[in-house]
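A.B. asks: As you go down the protein sequences, you meet chains A and B in turn.
Letter by letter, the first sequence follows residues 1 to 105 of this note's numbering.
Letter by letter, the second sequence follows residues 1001 to 1273 of this note's numbering.
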Amino acid sequence: MDIQMKRGLLDAAVLSAIRDKDSWGYQIIKDIKPYVDISESTLYPILRRLEAAGCLTVRTEEYSGRLRKYYHILPAGRARLDAFRDEWKEVLAVYSYIVRGETAP
Amino acid sequence: MTKTEFLSALRDELRALPEADAARSLEYYHEMIDDRMDDGMTEEEAVAAVGDPGEVAGEILREYAASEEEREGGEGIRCPRCSKVVGAENRFCPRCGYPFEKEPNSVSDHLAEPKAGGPIEAISHNAREASYDLRWYRALIWFVIWFQAFLNGLVLIDTFSAMTDSSFAGSGAESWAWTNVITTVLYIVYLVIARRALARWKKHAPCLYLISLFIPFLARVAAVTVSYITCNYFGAFGFIPLSADDIFQLVEAVVLFIPNLIYFRKRAALFTE
């Protein structure tokens, strides 16, 4: 997938992975991986960026004798997901313009 | 490659980053490897899945440089070697590794300077903090807290059964019994709060936990002292020596409290994020 397009999608995918309940790094990767390719080193900057933007917060909790970071979505993160959903209609309109006249394989 | 090798290689590659950023990256990859191992991978596989430390570090440094560029100007400093403008909190240029020698310009700056070793030492110190194996200690804390809760549960049951006794009413023991019930219930609630704080890794958790050890200790000391003095000096019941049971409990409390205090003092950084 095109890197620019993927960047926006991944932000939304990460937010959506923590939308219903808090989650941790490896679980987020496992949740998203079936849909879009993501690795540890891709996720890290996304989490940092979303945290800096006030979309999520991090808390450290103890899990089976070690520390694990849990990510919690903030209202700004939910707002961004809503915005993504609304924008998607425009994206679909552009998409149907781009692929007009082509027959689906 | 083992987890330790991976992390120390990564730490080495990230030495140009500010301490806090490097430590955060290391914690993140540490957790990832642990989670993969919990998921059934061997250590070797888990490390391999995360990637080559050089490539991982490259990714982190690139992302860091990009976020530095997005930063608004003003508070940055310019690297004299490669003339990149970077955040003022950097001690090394993230692009070329040039060390910035900042003059300590206030007392707090001076105090904040590391005593020895510089940022590399500091980073490895942080990573060591995060890699303590807490398993056995966690089990001990849980045991101590639940055991105290259990003992207090027994005291409650005892008190209630005494209160239902036919000779209880009018014996003048009501106020004693109710004080006992209320303080015991409050103490159990306190233990639960201390346990939750520990589980959530709160800053005040060690303090709560230590106080939970100290409350029964102080109560015991007070009770023993009072009975010792009243019996031996006011002669109401004749001479009563300290029982082995009392001495044992006092020794136990000291033995539990001091190593716990030392342990938490050493690991204070784990609880203060």
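C-beta: ideal position from N, C-alpha, C; glycine also.
These numbers come from a predicted model, not from an experiment.
1) Per DSSP, A/E62 forms a beta bridge with which residues?
2) Can you tell me the Cα-Cα spacing of A/P13 and A/V94, whole angstroms?
3) Would you kindly work out how many angstroms separate the C-alpha atoms of B/L1213 and A/G25, rounded to a whole number?
4) Starting from A/G101, find everything on chain B with Cβ-Cβ shorter than 9 Å and list it in chain order.
5) Answer yes or no: do B/S1067 and A/P34 have a C-beta to C-beta separation smaller than 9 Å?
6) Taking B/W1178 as part of the alpha helix (DSSP H), name the residues at either end of that continuous run.
7) Looking at chain A, is there any beta carbon in it that lies within less than 9 Å of the beta carbon of B/E1019?
8) Buried or exposed for A/P75, going by 16 or more other Cβ atoms inside 10 Å?
9) Write down the C-beta distance between B/V1056 and B/K1003 rounded to the nearest angstrom, noting that I regard them as a contact closer than 8 Å.
10) Can you name the start and end residues of the alpha helix (DSSP H) that B/G1153 belongs to?
11) Would a check of beta-carbon distances place B/R1267 closer than 9 Å to chain A?
12) From what residue to what residue does the alpha helix (DSSP H) around A/K89 run?
13) What residues are listed by DSSP as bridge partners for A/L56?
14) CB B/L1010 to CB B/D1021, shorter than 9 Å?
15) Between B/L1156, B/I1033, B/T1159, which lies nearest to A/R68 when the distance is taken from Cα to Cα?
16) Give the secondary structure of B/P1104 by DSSP, where H, G and I count as helix, E and B as strand, and everything else as coil.
17) Kindly indicate which three-state DSSP category A/S39 falls into: helix, strand or coil?
18) Would you please verify whether the beta carbon of B/R1011 is less than 9 Å from any beta carbon of chain A?
19) Classify B/S1167 as helix, strand or coil using the three-state DSSP reduction.
20) What are the boundary residues of the alpha helix (DSSP H) that includes A/D11?
21) Out of curiosity, what's the CA-to-CA distance linking A/E51 and A/Y71?
22) To the nearest whole angstrom, what separates the beta carbons of B/V1181 and B/T1159, a pair I think is in contact under 8 Å?
23) So what's B/S1243 in DSSP terms, helix, strand or just coil?
24) I'd like to know if B/L1198 contacts chain A, where contact means its C-beta is closer than 9 Å to some C-beta of that chain.
25) Would the C-beta of A/P45 count as close to the ligand FAD, meaning under 8 Å from any of its heavy atoms?
26) Please confirm if B/M1163 has its CB atom under 9 Å from at least one CB of chain A.
27) Does the beta carbon of B/I1145 sit closer than 9 Å to a beta carbon anywhere in chain C?
C.D. replies: Reading from the atomic positions:
1) In the DSSP output, where bridge partners are listed per residue, A/E62 has A/L67.
2) Per the sequence presented here, residue 13 of chain A reads as Ala, with Pro not at that position. A direct Cα-Cα distance of roughly 21 Å separates A/A13 from A/V94.
3) A direct Cα-Cα distance of roughly 36 Å separates B/L1213 from A/G25.
4) Ordered by position in chain B, no residue passes the 9 Å Cβ test against A/G101, which lies about 39 Å from the chain.
5) Not in contact: B/S1067 and A/P34 (Cβ atoms no closer than 9 Å).
6) For B/W1178, the uninterrupted alpha helix (DSSP H) run begins and ends at 1174 to 1199, by DSSP.
7) So, not an interface residue.
8) Residue environment for A/P75: exposed (fewer than 16 other C-beta atoms within 10 angstroms of its C-beta).
9) B/K1003 and B/V1056 do not touch by the CB rule: their CB atoms are close to 13 Å apart, not below 8 Å.
10) If you look at B/G1153, you'll find it in the alpha helix (DSSP H) that goes 1135 to 1163.
11) So, not an interface residue.
12) First-last of the alpha helix (DSSP H) with A/K89: 75 to 98.
13) The beta-bridge partner set that DSSP reports for A/L56 consists of A/I73.
14) Not in contact: B/L1010 and B/D1021 (Cβ atoms no closer than 9 Å).
15) It is B/I1033 whose Cα lies nearest to the Cα of A/R68.
16) Since pLDDT at B/P1104 reaches only 41, below the 50 mark, its modelled position is unreliable, and no value is offered.
17) Judged by DSSP in its simplified three-state form, A/S39 adopts coil rather than helix or strand.
18) It does not: the Cβ of B/R1011 has no partner Cβ on chain A nearer than 9 Å.
19) Here DSSP, grouped into helix, strand and coil, assigns B/S1167 to coil.
20) The continuous alpha helix (DSSP H) containing A/D11 extends over residues 3 to 17.
21) C-alpha separation (whole angstroms): 9 Å.
22) A Cβ-Cβ separation of about 6 Å places B/V1181 in contact with B/T1159 under the 8 Å criterion.
23) In the three-state DSSP reduction, B/S1243 falls in the coil class, being neither helix nor strand.
24) With its beta carbon less than 9 Å from one in chain A, B/L1198 belongs to the interface.
25) Among the ligands in the structure shown, none appear at all, so the ligand FAD cannot be discussed.
26) Using a CB distance cut-off of 9 Å, B/M1163 does not count as an interface residue toward chain A.
27) The structure shown has no chain C; the protein chains it does contain are A and B.
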